[in-house]
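>
This is the structure we're talking about:
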């Protein structure tokens, strides 16, 4: 899938990338239809804009079937009085992922009938922040907050892989990982069963919904006596049907320092760990927008329906699960977050903003907030922060991409936009 090109906007003589599509309401109102002219323009057009005197103008339009004059009946810039809403102009370095790009900060503009009525500086806060301590070191906060049960696109495969790993742990004495299971009491009978199945191989079949074991049918076995495969089938049922709200870690005696099997780790959210980390780890904080998640799913147990003594069907039993951080924890998290990132979270707008009443912030961003603002470079110390005002002059913003992208990703040829597929 090709990364979609942004709209291009001129401001204070510089060219920037713009998120949002202010032309869409005009297109809908006038029943216009544009065809995708490149794979980077599924919306059907590339717009060029200008922001000056607190007003938004469209200055050019590229489509496959109509030109600017045919749409607007003039070649002059058109005041975008049809547009009311928010646009954001990217500032600083671009951050790329597979299908899109973001900027470190944005000039956030609210318009009413084409005129800017509010200006702010917003900041991009990643949802993929990694944890750098403890048992979840290297995992993203989102993984711990939601658990695999809420992230995966295929829960059947997730559950099958989990069941398979538990079976392998019990059967294979060479298995070299710990596993996480719901709490159940380990008895001498269970220890004997595991020893038996590890020393007496048997055939089995695991699908997305069924687990079946081939019976041995011992000749001298008493009528009411279960064989080891039946005991083992009962053990797996016992584990799967236990309560996942209380978990324990299993390991072999000689595997105390082994890693936890990834297939059994973080099946469910671990809110308690995050709550502990907010309260006890000095610089740990969670981006507040992640805490807006209202409902999650939680694997409470895996239900089992038996066909016979060694074959059963299984399915996940999911319950609704609400984030339940206390008000005290949420307040502490907000304080730590604002201290760490220097921005505050606007819950109504679901965005992060700098406090422009702070002199240093206004000195840093005043150029973008006021067209009459003049930067005083000799008095300005911005540390390691660098603004990369992206250039579009070399290729005239071809297809909405900046010069650096064309030179690096497209090898200096704008027509090679397909290289980012």
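Numbering (my numbering), first residue to last: 2 to 422.
Virtual Cβ for every residue (Gly too), placed ideally from N, Cα, C.
1) With a CB to CB cut of under 6 Å and the five nearest residues on each side skipped, what residues in its chain are close to residue 152?
2) When burial is assigned at 16 or more other CB atoms within 10 Å of the CB, is residue 171 buried or exposed?
3) So what does residue 317 bridge to, in DSSP terms?
4) With a CB to CB cut of under 6 Å and the five nearest residues on each side skipped, what residues in its chain are close to residue 233?
5) With residue 115 and residue 81 assumed to form a contact (beta carbons below 8 Å), what rounded beta-carbon distance in angstroms separates them?
6) Would you give the residue range spanned by the beta strand (DSSP E) that residue 63 belongs to?
7) Apart from the five residues just before and just after residue 89, which ones in its own chain have a Cβ nearer than 6 Å to its Cβ?
8) Could you give the distance in angstroms between the alpha-carbon of residue 146 and the alpha-carbon of residue 62?
9) Whose CA, out of 328, 120, 142, lies closest to the CA of residue 366?
10) Under 8 Å between the Cβ atoms of residue 164 and residue 212?
11) Take the Cβ of residue 31 as the centre, count every other Cβ of all protein chains shown within 10 Å, and call the residue buried at 16 or more, exposed below.
12) Using the Cβ count rule (16 or more neighbours within 10 Å means buried), how would you classify residue 318?
13) Since residue 181 contacts residue 265 with CB under 8 Å, what's their CB separation in whole angstroms?
14) According to the Cβ coordinates, are residue 11 and residue 50 closer than 8 Å?
15) What span of residues does the alpha helix (DSSP H) with residue 118 cover, start to end?
16) Does the stretch 297-308 come into contact with the stretch 347-363, if we say contact requires no fewer than three beta-carbon pairs (one atom in each stretch) closer than 8 Å?
17) From 87, 214, 158, 267, pick the residue whose C-alpha is nearest to that of residue 307; which is it?
18) Taking the Cβ atom as the reference point for each residue, do residue 179 and residue 251 lie within a distance shorter than 8 Å?
19) Mapping the DSSP letters down to three states, classify residue 105 as helix, strand or coil.
20) Can you give me the C-alpha to C-alpha distance between residue 34 and residue 72, rounded to a whole angstrom?
21) What separation, rounded to the nearest whole angstrom, lies between the Cα atoms of residue 139 and residue 259?
22) Give the DSSP-derived three-state secondary structure of residue 336 in the structure shown.
23) Between the C-alpha atoms of residue 272 and residue 326, what's the straight-line distance to the nearest angstrom?
According to the structure data:
1) Numbered from 1 along the chain shown, position 151 holds the residue referred to as residue 152. Correct list: empty, nothing qualifies.
2) Residue numbering aside, residue 171 sits at position 170 when the chain shown is read from its first letter. It is buried - the Cβ of residue 171 has at least 16 other Cβ atoms within 10 Å.
3) Numbered from 1 along the chain shown, position 316 holds the residue referred to as residue 317. Note: residue 317 sits in a beta bridge opposite 303.
4) Translated into the one-based positions of the chain shown, residue 233 becomes position 232. 194, 198, listed in sequence order.
5) Along the chain shown, read from residue 1 onward, the residue named residue 115 stands at position 114. Along the chain shown, read from residue 1 onward, the residue named residue 81 stands at position 80. With 8 Å as the limit, residue 115 and residue 81 qualify as a contact, their Cβ atoms being about 4 Å apart.
6) Taking the chain shown and counting its residues from 1, one reaches residue 63 at position 62. Residue 63 -> beta strand (DSSP E) spans 56-63.
7) The residue you call residue 89 lines up with position 88 of the chain shown. So the list reads 20, 107, 109, once near-sequence residues are dropped.
8) For the purposes of this step, residue 146 is taken as residue 145 along the chain shown, with counting starting at 1. For the purposes of this step, residue 62 is taken as residue 61 along the chain shown, with counting starting at 1. Looking at the two C-alpha atoms, the distance is approximately 43 Å.
9) Position 365 of the chain shown, counting from 1, holds the residue named residue 366. Of the candidates 328, 120, 142, the one whose C-alpha sits nearest the C-alpha of residue 366 is 120.
10) Residue mapping note: residue 164 aligns to position 163 of the chain shown, counting from 1. Residue mapping note: residue 212 aligns to position 211 of the chain shown, counting from 1. Cβ atoms of residue 164 and residue 212: closer than 8 Å.
11) Locating residue 31 in the chain shown gives position 30, counting from the first residue. Classification for residue 31: exposed.
12) For this step, residue 318 is matched to residue 317 along the chain shown. Looking at its Cβ environment, which holds fewer than 16 other Cβ atoms inside 10 Å, residue 318 is exposed.
13) The residue you call residue 181 lines up with position 180 of the chain shown. The residue you call residue 265 lines up with position 264 of the chain shown. Contact flag correct, Cβ pair sits at about 5 Å.
14) Sequence index remark: in the chain shown, residue 11 carries index 10 (1-based). Sequence index remark: in the chain shown, residue 50 carries index 49 (1-based). Closer than 8 Å, so yes.
15) Here residue 118 refers to the residue found at position 117 of the chain shown. Note, residue 118: premise wrong, no alpha helix (DSSP H); beta strand (DSSP E) at 116-124.
16) no
17) Looking up residue 307 in the chain shown gives position 306. Ranking the options by Cα distance to residue 307, first place goes to 214.
18) Numbered from its first residue, the chain shown carries residue 179 at position 178. Numbered from its first residue, the chain shown carries residue 251 at position 250. Yes, these two residues count as a Cβ contact at 8 Å.
19) One-based indexing of the chain shown puts residue 105 at position 104. In this structure, residue 105 counts as strand in the three-state DSSP scheme.
20) Locating residue 34 in the chain shown gives position 33, counting from the first residue. Locating residue 72 in the chain shown gives position 71, counting from the first residue. Taking the straight line from one Cα to the other gives about 11 Å.
21) By one-based count along the chain shown, residue 139 stands at place 138. By one-based count along the chain shown, residue 259 stands at place 258. Their backbone Cα atoms lie some 17 Å apart in a straight line.
22) Taking the chain shown and counting its residues from 1, one reaches residue 336 at position 335. It is helical.
23) The sequence position of residue 272 within the chain shown is 271, counting from 1. The sequence position of residue 326 within the chain shown is 325, counting from 1. Taking the straight line joining both Cα atoms gives about 8 Å.
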